[in-house]
Every structure is written in C-alpha cells, then in structure tokens.
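Student:
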Amino acid sequence: MSKIVIIIVCCLLITACFQPERNCEDYKTGTFQFQSYLNGEIVTSRFIRNDSIEIDEFQGSADTSSVRWINDCEYILKNLHPKNMQERKPIHMKILTTNKNGYTFEYGVVGETRREKGSVTKVD
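Following the numbering used here, the numbering of the sequence shown begins with 5 at its first residue and continues without gaps.
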C-alpha cells in the first residue's frame with residue numbers, strides 16, 4: 005500500500021513541475037500568420053510586429069496598432085486609427101506556449117473577463 009502512495013506522490017510531483025515551453029523573446033518581432041473562421045470559411049490574416057508597432061493585413065486592408073510589452077510574454081495592443089468605439093478598446097495578448105514554428109496565445113479586451121485562444125505561425 006505504501007509503495008502505491010509513494011508512486012502517486014512522485015507522479016504528482018513530476019506533473020506539477022512540468023512547464024510548457026515559453027520562449028517569448030523569439031516572437032516579439034517578425035512576420036506572422038493567423039487563421040480563423042469567418043462566415044464558415046477559413047481566412048488568413050498576416051501581421052508584422054516590431055517592438056512598438058504591429059501592422060495587420062486582412063482582406064486587402066491594413067490596420068496599425070501600438071504594442072506595449074507588459075513582460076516577456078504579455079502585451080497590450082491599441083489601434084492607432086480606430087473606426088468605431090469597439091476598435092478603441094485595447095486588447096491584452098498573452099503568449100501561453102511556444103514551439104519552433106509559432107505560439108499559442110490568449111487574448112481579450114482589457115477590463116473584460118471573456119478570453120479567446122488562438123495560434124500563430126511565424127512566417128519570417
């Protein structure tokens with residue numbers, strides 16, 4: 005009986021110590037692609053990010069946002085040329101995990117509890 009308890013405790017300790025890969029520095033700048041569903045179709049948007057600016061290209065139009073890094077894996081996006089009240093709200097982005105091709109992230113409007121998840125592929 006005590007061997008089973010020791011094995012269970014060891015498994016819990018090993019699992020609790022596991023940390024997903026988060027090399028966020030690798031993704032602070034570059035060109036990225038993001039795919040999502042829009043009206044039942046998969047659409048692709050592309051964005052270019054440097055330390056302080058992100059330019060999103062989607063269906064022939066571009067939007068520019070400021071980037072303010074909170075820490076190595078979290079930043080705030082604020083649209084520089086909003087067309088309506090919704091676009092004026094800043095977005096909190098959090099990189100959850102990274103891999104050799106891109107990262108998964110969570111995002112939501114600052115001050116709201118609703119969060120969505122997505123993944124990005126680094127193009128360049």
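We treat Cβ as the ideally placed atom computed from N, Cα and C, and that holds for glycine.
Can you list the alpha helix (DSSP H) stretches of 4 or more residues lying completely in the stretch 55-124, in chain order?
Tutor: Segments of the alpha helix (DSSP H) lying fully in the stretch 55-124: 89-92.
Student: For valine 4, which of Ser40, Thr68, Glu25 has the nearest alpha-carbon?
Tutor: Because the chain in this structure spans residues 5 to 128, residue 4 falls outside the shown range and cannot be described.
Student: With burial defined as no fewer than 16 other Cβ atoms inside 10 Å of the residue's Cβ, what is the status of leucine 16: buried or exposed?
Tutor: Since pLDDT at leucine 16 reaches only 49, below the 50 mark, its modelled position is unreliable, and the value read off the structure follows with that caveat. When all chains shown are included, leucine 16 counts as exposed.
Student: Can you list, in chain order, the residues of its chain whose CB lies under 7 Å from that of lysine 82, leaving out five sequence neighbours each side?
Tutor: Once the five neighbours on either side are set aside, the close Cβ partners of lysine 82 are Ser69, Ser70, Pro94.
Student: Decide if methionine 97 is buried, meaning its Cβ has at least 16 other Cβ atoms within 10 Å, or exposed.
Tutor: Flag for methionine 97 reads buried.
Student: Spatial neighbours of threonine 35 within its chain, please: CB distance less than 6 Å, with the 5 preceding and 5 following residues excluded, ordered by chain position.
Tutor: Result list for threonine 35: Ile52, Val127, Asp128, in chain order.
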